[in-house]
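This report refers to the structure that appears directly beneath it.
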Amino acid sequence: MRVVTWNINGIRTFRGGIKKALDSLDADIICVQETKVTRDLLDAQTAIVDGYNSYFSYSRGRSGYSGVATYCKDAATPFAAEEGLTGLLTTHEGAVGCYGNQAEFSRDELQMLDNEGRAVITQHKVNCQDKEEALTVINVYCPRADPEKPERKQFKLHFYQLLQRRAEAILKDGSHVIVLGDINTSHQRIDHCDPSDKDDFDENPGRKWLNVFLHGVGQEEEAVEAAEFSEVISTLPGSGGKFVDTFRYFHPTRANAFTCWSTLTGARQTNYGTRIDYIFADRHLAKGQFVAADIMPEVEGSDHCPVWGQLSCSLLPSTKPPPLCTRYLPEFAGKQQKLSHFFVRADQKSSLPEQSKTLPGSQEEEEKRENLSPVADKTGQKRLLKSDSALPKGKKTKSVKTASNPQGSLLSFFKPKVTNVIASGDTPVGQRENRQKLDAVAPSQISRTADVSATAGGEAELRCNGSQPCSSTEENEQRTPTPQAAKKSSSSVFWKSVLHGPPPPPSCKVHGEPCALRTVKKEGPNMGRQFFVCARPQGHVSNPDARCNFFEWVDKGK
Numbered sequence: 006m007r008v009v010t011w012n013i014n015g016i017r018t019f020r021g022g023i024k025k026a027l028d029s030l031d032a033d034i035i036c037v038q039e040t041k042v043t044r045d046l047l048d049a050q051t052a053i054v055d056g057y058n059s060y061f062s063y064s065r066g067r068s069g070y071s072g073v074a075t076y077c078k079d080a081a082t083p084f085a086a087e088e089g090l091t092g093l094l095t096t097h098e099g100a101v102g103c104y105g106n107q108a109e110f111s112r113d114e115l116q117m118l119d120n121e122g123r124a125v126i127t128q129h130k131v132n133c134q135d136k137e138e139a140l141t142v143i144n145v146y147c148p149r150a151d152p153e154k155p156e157r158k159q160f161k162l163h164f165y166q167l168l169q170r171r172a173e174a175i176l177k178d179g180s181h182v183i184v185l186g187d188i189n190t191s192h193q194r195i196d197h198c199d200p201s202d203k204d205d206f207d208e209n210p211g212r213k214w215l216n217v218f219l220h221g222v223g224q225e226e227e228a229v230e231a232a233e234f235s236e237v238i239s240t241l242p243g244s245g246g247k248f249v250d251t252f253r254y255f256h257p258t259r260a261n262a263f264t265c266w267s268t269l270t271g272a273r274q275t276n277y278g279t280r281i282d283y284i285f286a287d288r289h290l291a292k293g294q295f296v297a298a299d300i301m302p303e304v305e306g307s308d309h310c311p312v313w314g315q316l317s318c319s320l321l322p323s324t325k326p327p328p329l330c331t332r333y334l335p336e337f338a339g340k341q342q343k344l345s346h347f348f349v350r351a352d353q354k355s356s357l358p359e360q361s362k363t364l365p366g367s368q369e370e371e372e373k374r375e376n377l378s379p380v381a382d383k384t385g386q387k388r389l390l391k392s393d394s395a396l397p398k399g400k401k402t403k404s405v406k407t408a409s410n411p412q413g414s415l416l417s418f419f420k421p422k423v424t425n426v427i428a429s430g431d432t433p434v435g436q437r438e439n440r441q442k443l444d445a446v447a448p449s450q451i452s453r454t455a456d457v458s459a460t461a462g463g464e465a466e467l468r469c470n471g472s473q474p475c476s477s478t479e480e481n482e483q484r485t486p487t488p489q490a491a492k493k494s495s496s497s498v499f500w501k502s503v504l505h506g507p508p509p510p511p512s513c514k515v516h517g518e519p520c521a522l523r524t525v526k527k528e529g530p531n532m533g534r535q536f537f538v539c540a541r542p543q544g545h546v547s548n549p550d551a552r553c554n555f556f557e558w559v560d561k562g563k
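In this text, residue positions in the sequence shown follow our numbering: the first is 6, and each later residue adds one.
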């Protein structure tokens with residue numbers, strides 16, 4: 006079996022459709038994070054994908070924020086599924102259970118930890134060496150510790166602690182456990198593009214938690230000689246945990262293996278990133294069933310890349326998905342309509358009575374028809390009002406004075422009135438007759454300032470001015486600019502003098518290339534100020550192709 010995890014930075018970023026993206030990953034279980042979709046915005050195309058069954062967790066407080074989803078192939082249908090880590094969101098049969106000791110958390114804290122839609126758990130059955138065993142997959146999107154919000158640091162640590170208690174409780178119950186997703190912390194220095202910039206790198210609380218959660222093991226053949234392996238393992242961080250970082254298990258010394266890059270600085274071009282997306286497995290599963298694990302930096306579409314793991318065991322699918330499966334949601338099972346359905350234009354064909362089926366399918370089409378080509382009925386008679394036809398014979402009614410021409414669109418009131426124009430719908434005979442009439446008019450009858458347009462034949466508009474030869478409109482406008490053009494020109498000059506743009510960008514000192522303009526968005530005394538920096542992507546200081554340290558404020562006086 007094969008599992009994949011990927012922070013997709015918005016499920017709508019799947020180009021070419023969700024099914025195509027899932028198929029291209031070629032995995033039995035695909036876990037995605039940061040879907041940025043809430044239940045009210047979840048559509049059938051995203052929730053129900055042919056060949057897969059899906060399980061979602063949504064943010065309860067913010068729209069377009071957080072969210073995770075697990076897609077399982079039909080051949081990998083789980084036996085149980087659950088949203089969240091606490092159990093408070095579970096109101097159905099088919100839950101995974103095993104919540105561990107939550108005594109140190111209040112109910113409000115537990116509710117807050119699950120309200121952001123950061124975990125989905127699915128439980129499967131696998132065949133490992135002719136033995137049927139349980140395998141639980143915990144798909145998580147761990148919080149980010151915002152430096153500007155100290156309370157989020159504590160929130161992140163609480164989430165880590167809750168995740169560890171739940172994973173270890175399920176493991177203790179007899180199931181194998183895989184924890185995968187965006188953990189939002191790079192574990193070791195080798196997992197960071199520039200750890201030297203951080204003096205307190207090893208003191209980071211997230212790294213300290215990973216040292217406790219993980220068991221530091223790696224492939225003996227790739228790390229060190231077998232005789233020295235046990236001695237080295239005891240010195241590695243995380244030597245006492247119950248889970249293994251499967252990527253480091255197979256690639257203990259590979260450097261520059263990152264899964265996340267800043268899109269604002271173009272850091273992916275110089276591979277200036279961090280490894281914060283993982284597949285953790287319990288020690289026995291990692292050593293006994295995992296055969297390979299790696300990252301996929303070549304796959305684009307997000308600021309993260311996918312991570313995959315391959316196991317030798319095979320999946321035993323359930324005959325029926327658990328109740329959390331999205332296909333059972335009332336809005337997709339045909340039991341309940343979404344609120345948005347009440348604002349969709351109804352099909353008026355079905356609501357029309359039998360006798361009016363000959364009318365157009367929608368009012369909008371009828372309006373377009375009347376506004377674009379207003380014509381009378383073939384019989385030349387006025388249409389009868391419903392109220393007139395319903396009145397008994399002999400009853401006198403007030404006659405309503407109607408215009409001879411049907412009402413046009415609102416745009417017709419703003420169009421210039423054109424005279425002596427040949428209609429585009431005339432037949433060639435009609436065009437010749439109109440031209441003959443025009444030729445029959447004496448020259449003295451034509452105003453010296455009149456404009457004659459012959460648009461039906463596709464001819465250019467001509468302007469005749471007495472005895473002077475006719476010239477094209479374009480030439481006349483060039484000779485004598487209209488008052489509107491002169492006013493527009495003077496207005497443009499005025500606004501350019503008042504609202505001048507930033508000065509031309511300077512060249513950076515190292516590369517001699519034009520700099521890029523940036524704006525300070527961080528709150529503080531410089532918020533809103535503009536500055537110039539080297540336009541190259543961010544990278545390590547030793548990389549000559551990376552951004553240099555050029556910096557210059559934009560002078561407001563220029």
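Where a beta carbon is used, it is the ideal one built from N, C-alpha and C, also for glycine.
Tell me which same chain residues have a C-beta within less than 6 Å of the C-beta of residue i, skipping the five on either side of it?
i    : result
S191 : H197, T279, R280, I281
P311 : V9, W11, M301, V304
S180 : A139, T141
I566 : Only positions 6 to 563 of the chain appear in this structure, which leaves residue 566 out of reach.
N531 : V525
I195 : A260
D550 : none
V182 : T141, A172, I175, L176, D287
F263 : G278, T279, R280
I'd like the list of long-range same chain contacts for residue i, defined as Cβ closer than 7 Å, with 5 residues on each side in sequence excluded.
i    : result
L320 : M6, D33, A80, A81, H129, V131
L27  : I35, V54, Y57, Y76
C318 : M6, V131, N132, C133, Q294
F206 : R194, P200
W266 : A272, R273, Y277, G278, D308
By alpha-carbon positions, which one of the options ends up nearest to residue i?
i    : options                : result
C77  : F61, S68, G221         : F61
E557 : R534, P542, G544       : R534
P542 : P508, P322, A272       : A272
L316 : V37, P200, F255, K527  : F255
E173 : F218, E153, K493, Q134 : F218
K514 : P210, T270, F160, A540 : A540
A74  : L30, Q50, T40, H97     : T40
E336 : Q50, G293, P200        : Q50
N554 : G517, T487, D207       : G517
P327 : V182, A262, F84        : F84
D135 : K527, Q294, F499, T487 : Q294
P322 : L93, K527, S512, E137  : E137
Y70  : Q38, P488, P200, G21   : Q38
T270 : D308, W500, A150       : D308
H97  : S495, K527, Y333       : Y333
K158 : D178, R170, R212       : R212
I188 : K292, A150, L46, T258  : A150
Pop quiz: residue i and residue j are said to be a contact at Cβ under 8 Å. What is the actual Cβ separation, rounded to whole angstroms?
i    : j    : result
L290 : G99  : L290 to G99, Cβ: 23 Å. No contact.
A52  : T331 : 4 Å
V546 : A521 : Not a contact, Cβ separation roughly 19 Å.
G544 : Y277 : 5 Å
P210 : L176 : In fact, because the Cβ distance is near 24 Å, the residues do not count as touching under 8 Å.
S64  : G122 : 4 Å
Check this for me: beta carbons of residue i and residue j, under 9 Å apart or not?
i    : j    : result
F248 : V184 : yes
G89  : A124 : yes
G66  : N14  : no
G56  : I16  : no
T43  : G306 : no
P510 : P519 : yes
A298 : T268 : no
Y146 : G105 : no
P152 : F160 : no
L93  : R112 : yes
Short of 8 Å in beta carbon distance, which residues of its chain neighbour residue i, apart from the five on each side in sequence? Order them along the chain.
i    : result
R288 : H220, V222, K247, F248, V249
L167 : L90, T91, Q107, F110, L115, L118
S497 : none
I23  : I16, Q50, T51, V54
V559 : P507, P508, L522, R534, Q535, F536, F537
ask   = Which runs of the alpha helix (DSSP H) fall wholly inside the region 69-98 and span at least 4 residues, in chain order?
value = none
task = Report the residue ranges of all alpha helix (DSSP H) runs contained in full by the region 182-224; include only those spanning at least 4 residues, in chain order.
result = 210-218
task = Go through the region 265-345 residue by residue and report every complete run of the beta strand (DSSP E) that reaches 3 residues or more, in order.
result = 282-287, 295-300, 312-316, 319-321
key: Secondary structure, beta strand (DSSP E): runs of 3+ residues fully inside the region 18-73   = 34-38, 57-62
message = Give the list of continuous beta strand (DSSP E) stretches no shorter than 3 residues that lie fully inside the region 119-164.
response = 124-132, 137-146
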